[in-house]
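Structure first, commentary second.
Protein chains: 2
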Amino acid sequence: MAQPDVLLNALRQAGYRVTDQRRRVCEYLARTQGHPTPYQVYAGIVEKHPDISRATIYNTLNVLRELGAIVEIGMGSDHTHYDTNPAPHINLVCLRCHTITDFPASFPMESLGPMLTQVGGFQPVTARVDILGFCRDCQARKRAEIQDAWRRQHPHEIANDESANDEHAGNLPNGE
Amino acid sequence: MAQPDVLLNALRQAGYRVTDQRRRVCEYLARTQGHPTPYQVYAGIVEKHPDISRATIYNTLNVLRELGAIVEIGMGSDHTHYDTNPAPHINLVCLRCHTITDFPASFPMESLGPMLTQVGGFQPVTARVDILGFCRDCQARKRAEIQDAWRRQHPHEIANDESANDEHAGNLPNGE
DNA sequence: TATTTAATTGGAATCATTCTAAATAAGTTG
DNA sequence: CAACTTATTTAGAATGATTCCAATTAAATA
Numbered sequence: 147m148a149q150p151d152v153l154l155n156a157l158r159q160a161g162y163r164v165t166d167q168r169r170r171v172c173e174y175l176a177r178t179q180g181h182p183t184p185y186q187v188y189a190g191i192v193e194k195h196p197d198i199s200r201a202t203i204y205n206t207l208n209v210l211r212e213l214g215a216i217v218e219i220g221m222g223s224d225h226t227h228y229d230t231n232p233a234p235h236i237n238l239v240c241l242r243c244h245t246i247t248d249f250p251a252s253f254p255m256e257s258l259g260p261m262l263t264q265v266g267g268f269q270p271v272t273a274r275v276d277i278l279g280f281c282r283d284c285q286a287r288k289r290a291e292i293q294d295a296w297r298r299q300h301p302h303e304i305a306n307d308e309s310a311n312d313e314h315a316g317n318l319p320n321g322e
Numbered sequence: 147m148a149q150p151d152v153l154l155n156a157l158r159q160a161g162y163r164v165t166d167q168r169r170r171v172c173e174y175l176a177r178t179q180g181h182p183t184p185y186q187v188y189a190g191i192v193e194k195h196p197d198i199s200r201a202t203i204y205n206t207l208n209v210l211r212e213l214g215a216i217v218e219i220g221m222g223s224d225h226t227h228y229d230t231n232p233a234p235h236i237n238l239v240c241l242r243c244h245t246i247t248d249f250p251a252s253f254p255m256e257s258l259g260p261m262l263t264q265v266g267g268f269q270p271v272t273a274r275v276d277i278l279g280f281c282r283d284c285q286a287r288k289r290a291e292i293q294d295a296w297r298r299q300h301p302h303e304i305a306n307d308e309s310a311n312d313e314h315a316g317n318l319p320n321g322e
């Protein structure tokens with residue numbers, strides 16, 4: 147989604163050396179459409195270059211993040227995801243299944259820049275705009291769960307299905 | 147920063163029981179001004195209520211997050227931070243020292259809502275707007291580092307300081 | 001080419017978070 | 001109120017992503 151050169155130049159400009167390994171990480175990030183985790187980056191590279199080390203992946207991602215060239219998107223502490231899309235956009239993040247979807251819309255960052263430097267001397271580099279809520283699938287799942295719960299409370303309302311109780315009697319909260 | 151009642155009501159409405167432990171977590175979140183980590187929440191409560199368990203803290207925070215009542219802010223994978231401020235605002239996140247500062251400014255979420263539901267059936271609950279960059283202190287530190295590096299490259303330019311080389315010869319990248 | 005410093009490596013170590021099974025509390029029904 | 005069902009809490013063990021380490025290799029520079 148990003149130009150590999152943009153990422154590599156960010157490294158060069160900041161005085162980091164451009165090695166083969168870093169080049170591969172940048173290429174991977176440029177190629178991918180999604181919001182990969184460090185492990186996905188590793189997996190995507192190691193199959194063609196089995197000698198690369200996990201530590202190097204983490205190092206490179208950390209450097210790129212500290213430069214603001216890629217942006218971390220956190221949700222539900224399972225894994226870290228990186229946003230590699232440099233174009234202004236908004237992430238739709240599902241609170242339940244943690245899926246991240248890009249939504250093309252811009253945000254008037256330019257207008258804020260001057261204010262920030264005025265107020266606290268903050269030097270903006272990039273931004274992250276996420277809307278948190280429920281994706282369509284999870285809305286449906288939620289409805290089904292609530293219905294289920296209700297049905298469990300009112301077993302008599304149902305014609306011929308006494309066995310239903312035992313079957314779906316999972317722990318309700320946390321559908322993950 | 148939030149009303150404890152708002153958080154408790156969120157739990158109640160979603161069908162969760164309001165226990166003493168959950169009440170304490172909500173109170174803590176309401177009281178705090180910053181962006182606490184789970185451990186900080188735990189530490190802040192355990193001193194008065196030594197019987198509370200870490201697992202309960204995590205459970206409660208996870209539930210509140212899945213409800214969108216509090217918002218996770220990720221930076222540099224060390225710790226998870228939670229944003230407990232329900233008022234619209236922007237977080238200034240330093241890419242270097244990971245400090246998070248609130249910046250009072252609103253974001254025209256309302257205008258986006260309808261679009262989102264139209265496009266992907268996404269049901270928005272809350273939002274997170276972060277500007278990533280460098281705080282004033284880290285800008286200064288960065289300048290100093292660059293100067294240092296330069297001085298190390300050009301030792302002859304300096305009058306009387308040959309020892310400087312060995313002294314500060316740390317690993318340059320990663321000032322953390 | 002020699003020298004210096006940065007980057008890579010793989011495996012061990014760390015540590016936040018989750019999981020588990022047992023105990024307890026909350027809510028509900030008769 | 002007593003019996004029952006289900007949610008919640010708990011302590012400690014287990015997990016697993018990420019970082020750290022010392023040794024090696026590669027880049028850059030003169």
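Protein sequences, first through last, are from chains D and G. Take the first sequence: its letters are residues 147 to 322, numbered as in this note's numbering. Take the second sequence: its letters are residues 147 to 322, numbered as in this note's numbering. Don't be surprised by glycine CBs; every beta carbon is placed ideally from N, CA and C. As the structure is a prediction and not an experimental result, all values here were calculated from the model.
1. Is the CB of Val271/D under 8 Å away from at least one CB in chain G?
2. Can you find a C-beta in chain G that's less than 8 Å from the C-beta of Gln186/D?
3. Using a Cβ-Cβ cutoff of less than 8 Å, which residues in the same chain neighbour Arg158/D once the five nearest sequence positions on both sides are dropped?
4. Need the endpoints of the beta strand (DSSP E) that Glu218/G sits in, please.
5. Spatial neighbours of Pro250/D within its chain, please: CB distance less than 6 Å, with the 5 preceding and 5 following residues excluded, ordered by chain position.
6. Would Leu241/D and Gly214/G be called neighbours here (beta carbons separated by less than 8 Å)?
7. Drop a sphere of 10 angstroms on the beta-carbon of Arg282/D, count the other beta-carbons inside from all chains shown, and report buried for 16 or more, exposed for fewer.
8. With DSSP collapsed to three states, give me the class of Cys281/D.
9. Do we get a CB-CB distance below 8 Å when we pair Ala233/D with the residues of chain G?
10. What separation, rounded to the nearest whole angstrom, lies between the Cα atoms of Arg200/D and Cys284/G?
11. Sort Arg274/D, Gly161/D, Leu153/D, Asp151/D by Cα distance to Lys288/G and report the nearest one.
12. Spatial neighbours of Thr206/D within its chain, please: CB distance less than 6 Å, with the 5 preceding and 5 following residues excluded, ordered by chain position.
13. Opposite Val275/G in the DSSP bridges: which residues?
14. Give the residues of chain D in contact with Glu212/G, contact being defined as C-beta atoms less than 7 Å apart.
15. For Ala251/D, decide whether its Cβ has a neighbour in chain G, counting only Cβ atoms nearer than 8 Å.
16. Under 8 Å between C-beta atoms, does Val384/D make it to chain G?
17. Can you name the residues that DSSP bridges to Ile246/D?
18. Apart from the five residues on each side of it in sequence, which residues of its chain come closer than 8 Å, Cβ to Cβ, to His244/G?
Result, derived from the coordinates:
1. Yes, Val271/D lies at the interface with chain G (some Cβ there is under 8 Å from its Cβ).
2. It does not: the Cβ of Gln186/D has no partner Cβ on chain G nearer than 8 Å.
3. Scanning its chain for C-beta atoms nearer than 8 Å, with the 5 sequence neighbours on each side dropped, one finds around Arg158/D the residues Val164, in chain order.
4. It spans 217-220 - the beta strand (DSSP E) in which Glu218/G sits, taken as one unbroken run.
5. Closer than 6 Å at Cβ, skipping near neighbours: His235.
6. Judged by beta-carbon spacing, Gly214/G lies within the 8 Å limit of Leu241/D, meaning their Cβ atoms are closer than that value.
7. Looking at its Cβ environment, which holds fewer than 16 other Cβ atoms inside 10 Å, Arg282/D is exposed.
8. Three-state result, Cys281/D: coil.
9. Taking Cβ atoms only, chain G never reaches closer than 8 Å to Ala233/D, which makes this a no.
10. Distance between the alpha carbons of Arg200/D and Cys284/G is about 29 Å.
11. When the alpha-carbon of Lys288/G is set against those of Arg274/D, Gly161/D, Leu153/D, Asp151/D, the nearest one is in Gly161/D.
12. Apart from the 5 residues on each side of it in sequence, Thr206/D sits with its Cβ closer than 6 Å to the Cβ of Arg168, Val171 in its chain, given in chain order.
13. Partner(s): Val275/D.
14. Within chain D, the residues whose beta carbon sits less than 7 Å from that of Glu212/G are Leu241, Arg242, listed in sequence order.
15. Under the 8 Å criterion on CB atoms, Ala251/D is classed as interfacial with respect to chain G.
16. An answer regarding residue 384/D cannot be provided, because it is not within the stretch 147 to 322 covered by chain D.
17. In DSSP, Ile246/D forms a bridge with Val239/D.
18. Within the same chain, Met221, Gly222, Asp224 come within 8 Å of His244/G by CB-CB distance, once the 5 residues on both sides are set aside.
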